[in-house]
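Asks: My structure is below; once you've seen it, I'll send some questions.
Number of protein chains: 2
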Amino acid sequence: MPQLRLALAQVNATVGDLVGNADLVVEHCKAAVDQGVHLVVFPEMMLTGYPLEDLAMRLSLIEASKAGIEALAVRLKDEGCGDLVAMVGYLDQKPDVLDAPGIPKNAPQNNVAVIHDGAIVARQAKHHLWNYGVGDEIRNFVAGDTINVVQIGGIDVALAICEDLWRDGPSAAAKAADAALLVVPNGSPYEADKDDVRLALCARRAAEGDCVLAYVNLVGGQDELVFDGDSIVVDASGTVLGRSGQFDPELLVVDLELPAATATMPSDDERFGGLKIKRTIITSEPFAAYEPLPTAQAERLSRNEEIYTALVTGLRDYVHKNGFQSVLFGMSGGIDSTLVAAIAVDALGPENVNGISNPSAWSSEHSKSDAAEMAKRTGLSLDTIPIAPIFDSYQESLHLTGLAEENLQARIRAVIWMGLSNQHGHLVLACGNKSELATGYSTIYGDAVGAYAPIKDVPKTLVWELARWRNEIAVERGETPPIPEATISKPPSAELRPGQLDSDSLPPYDLLDAVLDAYVERDLGSAAVIAEGHDPALVHRVVTLVDRAEYKRRQYPPGPKVSRRNFGRDRRVPITHRWREDV
Amino acid sequence: MPQLRLALAQVNATVGDLVGNADLVVEHCKAAVDQGVHLVVFPEMMLTGYPLEDLAMRLSLIEASKAGIEALAVRLKDEGCGDLVAMVGYLDQKPDVLDAPGIPKNAPQNNVAVIHDGAIVARQAKHHLWNYGVGDEIRNFVAGDTINVVQIGGIDVALAICEDLWRDGPSAAAKAADAALLVVPNGSPYEADKDDVRLALCARRAAEGDCVLAYVNLVGGQDELVFDGDSIVVDASGTVLGRSGQFDPELLVVDLELPAATATMPSDDERFGGLKIKRTIITSEPFAAYEPLPTAQAERLSRNEEIYTALVTGLRDYVHKNGFQSVLFGMSGGIDSTLVAAIAVDALGPENVNGISNPSAWSSEHSKSDAAEMAKRTGLSLDTIPIAPIFDSYQESLHLTGLAEENLQARIRAVIWMGLSNQHGHLVLACGNKSELATGYSTIYGDAVGAYAPIKDVPKTLVWELARWRNEIAVERGETPPIPEATISKPPSAELRPGQLDSDSLPPYDLLDAVLDAYVERDLGSAAVIAEGHDPALVHRVVTLVDRAEYKRRQYPPGPKVSRRNFGRDRRVPITHRWREDV
């Protein structure tokens, strides 16, 4: 049977950085050529970064992407990659642009270009647009109607884009066209505890298509999302032929021996999940026989390592892709800010991590000593600025009491962090965990202040677990555990009034987190949560806390946003991107 | 020809308040019966409020809405409205629920129920889902496939829901079925300077359908949106038969004389923009002849009155629907906070408006005296809390300079407002205008702090225009103009350093606002803005300011949000709603 050396380029693209992303493509194509690769596949929207959200509709970006993909084809040939077939995601435009209700402005399409010998030999637009969870693609893209089958070295290769794989159609089309390989570029974000749904899906579609399936995904952070890579090649019997690591860039090279292309072709008017088939022959002669490489299959990360790595990746890319080098945050000596410190040190290096200790009249001695111990162990920089004199100066005019007085302390700290951030250029991090944010155990414009909140999606029980895990691997590696044991073992407290403990206001964290998992993560109604066996009074208490907190959080948005239209909502464009209108 | 007395119930529904909204329906139905009405039509999603965003997918809300609409039908009969035909929007569920990719969770539908004699005699789901601008309905609703034609008093009445009217289909279906009246419930938000596109559209569709068209819309504020009513009845020749006022609730009653229903009916498999027709006969006998009422047509508001009323409506409903009575904000004596004060006094009454003057070492005498003059003229409450001692207490530790020092003052003020808000229960307002927010002339966590920003969508030049207009109508009404003349005429300044003026940092506001209108409002690329005749250097400067400000604003979100799924985006549910999970 003919052979094909396939490479999956699992890379970290940056939204809006067309020049940097094109350089990444060229670099990986050259590496692929050096390794004798015949076909290299890049992730979804490689050239523009992903997801673009409403940026996809900006005419200047569409035009730059259309011109950019043409230039990239020429450049690849110029740089010695003309024989290689490269599949590169980019932003295109439906040729017969319509300006009508229901058509996104400027008719953008989420496309893949098949590049060979300095030219684009085939183009395909995503058909099934991702429009649930964090996806809102129907708002931004016009759906495509074609699935390409391209012949490379006498092997027929079918192409599907990300969400298309989750629906019926592409695998049926691949089977109908007798394609031996189905390649799928993706932009698929990480979720914790998702099991191995990707492999199961890929194996199922490979079996349906009676072909080998190659799935390539992005890596890196984008706003609140983290892409975890985990690119896979699997055959029709479910055997994994290659699998890349998680979170890190990688060029996964897999040697395949596949059935030769046949003349089988469905009739012109046949449709597969709405898609018609278009066939393109690039090279019909099989490549000269060669010795195949051994298959590579990366070790899977453990649950805690996987989550911790996602947190490190998300923070690192948020900071760097936004043009910062260093971060600053309040270090109370508690477990949350200490875990954030450990993540930040791992992501950015201790020289770029600045903790600020802001003791109040009610801060315990161990708060200060635990923060200092963490700084000593990791080498991060720790400054201490007591808030008592500032607190007194406010209270001379305000005379606040109760909750207002507690919040005042948290807000004084935030003003200090933002002042130091403005003066020295560090990005401010918020250290809240998911359990306290979900229940509103947090001060708006106080500890909630920050550009990025590394552990906002980590429940408190998992905060402790990750802290213990991080210390354990340090021991395994023969390093000093970064997190002081006392920080892990002491009872949590906000220290905003004398003797305060979290348990005064919240249910025990193990019970709380179990209900939050059902009500927030799994989005069950309260009746269904109770039906799982949780105490009804506890469920009632937690659901009330969550609903009230969500309501409060939304009442106080970040501050005013600017709308595209009067009285409209803020434009939905990514936070992290480098696209600029040039005049 | 048969007669029909039609009422359009232009009401202010509240998202999630099913009990309150049902009461509104009953109240208006009883008023309609008292006036001899045969058919009353309520706006889109009347029972649940609109827009629901991701709340639409909550099973408990869907079930409450389905039960609620059945109960409402029974209650209307019990309360003496059994003979009346009422069309009421509500949240329903596609009967054969699918849990599959591409189907919104729990298969919600944006429905209208046709209620008569204690029962629901027809149901219709919205077909064309609004998915651009502030609409994201494809994410939340399953599309319908049917257009209803119901016969009332021997007259055939066709039904279309909001966005369906903007597409081809409903008017063609009405014509094909020989319907004499096409009724359209809407949730259509206000936009400034939209001209009279609604009337033009209604007249066009009436002509296409060769029928009378009745368009009914919501009124009131919902988060950042304001619904302006403006319900319309227009015939096939474009003659307006009735039109309600803007922004206020109203029961618009219109007498129609219409052709009797014919037996004309398209074949079962004919489709109109994807819609099939379903016919229901409620009453086929014409109503006894009666003396028609004169037509009512409200006076249109002038541009400034319209915008000012939208601002008052939006603020009033944001405060009240979120359970607050009173507001608090920084009053600098400048034009922005003074206009906000005038809007707040008109929306809530002076007894619910609290201004805080926070002079610094660099505040001018006129700042303090102008704020005091405004308070004196309107009766709002004004407190003065100087920030110099607090500023000094921060600077003893921080020694901030330049921009960081300027921002510190703005943030000290915000901490004072939030402290007083927590202590006394007032909602904090942010007073920034669109020109300064768009260009980033504002402090994150400083003057940008607030639950609601009444003039965030008002450019600076319009701030002055509205202030002058508000004073002029006061004079016309023989009242004291609320806004001190000096506040309107003095040059704008942030007063964060000695002698500072806005013009040190920004282009003149008339030039700035013209470019912002093109670049932000009309979403033109910079090349197109220059092609309109603006100075390229000015365009470059403004575009750079806007892009950098947008980027900065997004880097510092409000603080962490809580996601439904790990690493996902915040749930998209409305800020203002009263829906609660009961256990």
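Residue numbers (my numbering), protein chains in the order written: chain A, 59 to 641; chain B, 59 to 641. Note that CB positions come from ideal geometry on N, CA and C, so glycine has one too.
(1) Kindly indicate if chain B contains any beta-carbon less than 8 Å away from that of Val-77 (chain A).
(2) Quick check: what's the CA-CA separation for Ser-418 (chain B) versus Asp-450 (chain B)?
(3) Using a Cβ cut-off of 8 Å (strictly closer), state whether Gly-74 (chain B) contacts chain A.
(4) Please work out which residues of its chain come closer than 7 Å, Cβ to Cβ, to Val-578 (chain A), disregarding the five sequence neighbours upstream and downstream, and give them in chain order.
(5) Determine whether the Cβ of Ser-653 (chain A) lies closer than 8 Å to any Cβ atom of chain B.
(6) What three-state label does DSSP hand Val-620 (chain A) in the structure shown?
(7) On the three-state DSSP scale, how would you describe Pro-166 (chain B)?
(8) Going along chain B, which residues have a C-beta under 8 Å from Gly-583 (chain A)?
(9) Under a CB-based cut-off of 8 Å, is Ala-125 (chain A) close to chain B?
(10) Since Arg-225 (chain B) meets chain A, which of its residues come closer than 8 Å, beta carbon to beta carbon?
(11) May I ask which residues mark the beginning and end of the alpha helix (DSSP H) holding Val-83 (chain A)?
(12) So, is the C-beta of Leu-97 (chain B) closer than 8 Å to a C-beta in chain A?
(13) Within 10 Å of its beta-carbon, does Gln-658 (chain B) have 16 or more other beta-carbons around it, so buried, or fewer, so exposed?
(14) Taking 7 Å as the cut-off, is the beta-carbon of Ala-506 (chain A) closer than that to any non-hydrogen atom of the ligand NAD?
(15) Scan the stretch 480-502 of chain A for residues whose Cβ lies nearer than 7 Å to a Cβ of chain B and list them as they occur along the chain.
(16) Measure the alpha-carbon distance for His-592 (chain A) versus Asn-491 (chain A) and round it to whole angstroms.
(17) For the alpha helix (DSSP H) that contains Val-473 (chain B), what are its first and last residues?
(18) Return helix, strand or coil for His-424 (chain B), following the three-state DSSP convention.
(19) Could you say if the stretch 435-453 of chain A and the stretch 546-562 of chain A meet the contact criterion of at least three C-beta pairs nearer than 8 Å?
(20) Please name the residue, chosen from A:Ser-439, A:Leu-485, A:Arg-526 and A:Asp-326, that lies closest to His-378 (chain A) on a Cα-to-Cα basis.
(21) What span of residues does the beta strand (DSSP E) with Pro-540 (chain A) cover, start to end?
(22) What residues in its chain sit with their C-beta under 7 Å from that of Tyr-567 (chain A), if we drop five residues either side in the sequence?
(23) Just the Cα atoms here: how many angstroms apart are Ala-354 (chain A) and Glu-590 (chain B)?
(24) Under the three-state reduction of DSSP, which class applies to Met-432 (chain A): helix, strand or coil?
(25) Within this structure, are the beta carbons of Ile-443 (chain A) and Ile-401 (chain A) separated by less than 8 Å?
(26) For a quick check, are the C-beta atoms of Ala-506 (chain A) and Ala-488 (chain A) less than 8 Å apart?
(27) In the DSSP assignment, find the alpha helix (DSSP H) that holds Ile-393 (chain B) and state where it starts and stops.
(28) Going by the beta-carbon positions, is the gap between Thr-371 (chain B) and Phe-305 (chain B) smaller than 8 Å?
(29) Please tell me whether Ile-445 (chain A) and Asn-416 (chain A) are closer than 8 Å, where the distance is taken between their beta carbons.
(30) With a 10 Å radius around its C-beta and 16 neighbouring C-beta atoms as the bar for buried, classify Tyr-273 (chain B) as buried or exposed.
(31) What residues in its chain sit with their C-beta under 8 Å from that of Ile-470 (chain B), if we drop five residues either side in the sequence?
(32) Excluding the five sequence neighbours on either side, which residues of its own chain have a C-beta within less than 7 Å of the C-beta of Gly-59 (chain A), listed in chain order?
(33) Comparing the C-beta of Leu-569 (chain B) with each C-beta of chain A, is any distance below 8 Å?
(34) Measure the beta-carbon distance from Asp-242 (chain A) to Ala-218 (chain A) and round it to whole angstroms, keeping in mind my assumption that it falls under 8 Å.
(35) Thr-322 (chain B): buried (16+ other C-beta within 10 angstroms of its C-beta) or exposed?
(36) In chain order, what residues of the same chain have a beta carbon less than 6 Å from the beta carbon of Gly-617 (chain B), not counting five sequence neighbours either side?
Replies: If we stick to the structure as given:
(1) no
(2) 11 Å
(3) no
(4) Ala-496 and Val-604
(5) The structure shown does not extend to residue 653 (chain A), since chain A spans only 59 to 641, so no value can be given for it.
(6) With a pLDDT of only 46 at Val-620 (chain A), under 50, the local geometry of the prediction cannot be trusted, and the value read off the model is given with reservation. If DSSP states are grouped into helix, strand and coil, Val-620 (chain A) belongs with coil.
(7) strand
(8) Arg-116, Leu-117, Ser-118 and Glu-639
(9) no
(10) Pro-159 and Gly-160
(11) 76-92
(12) no
(13) Summary: the structure shown does not reach residue 658 (chain B), with chain B confined to residues 59 through 641, and so no result is reported for it.
(14) In the structure shown, the ligand NAD is absent, as is every other ligand, since no ligand is present at all.
(15) Asn-480, Gln-481, Ala-488, Gly-490, Lys-492, Leu-495, Ala-496 and Ile-502
(16) 22 Å
(17) 460-482
(18) helix
(19) no
(20) A:Leu-485
(21) That residue, Pro-540 (chain A), is in no beta strand (DSSP E); it is neither H nor E in DSSP.
(22) Ser-493, Lys-518 and Thr-519
(23) 58 Å
(24) helix
(25) no
(26) yes
(27) 393-406
(28) yes
(29) yes
(30) buried
(31) Asn-416, Ile-445, Ile-448, Phe-449 and Tyr-452
(32) Here the sequence assigns Met to residue 59 (chain A), which means Gly is not the residue at that position. Excluding residues within five positions, the ones whose Cβ falls inside 7 Å are Glu-315, Leu-316, Pro-317 and Ala-318.
(33) no
(34) Here the sequence assigns Val to residue 242 (chain A), which means Asp is not the residue at that position. So it is a contact: roughly 5 Å between Cβ atoms.
(35) exposed
(36) Residue placement at Gly-617 (chain B) is poorly supported in this model, since its pLDDT is 36, which falls under 50; the coordinates still yield a value, given next. Cβ within range, chain order: n/a, list empty.
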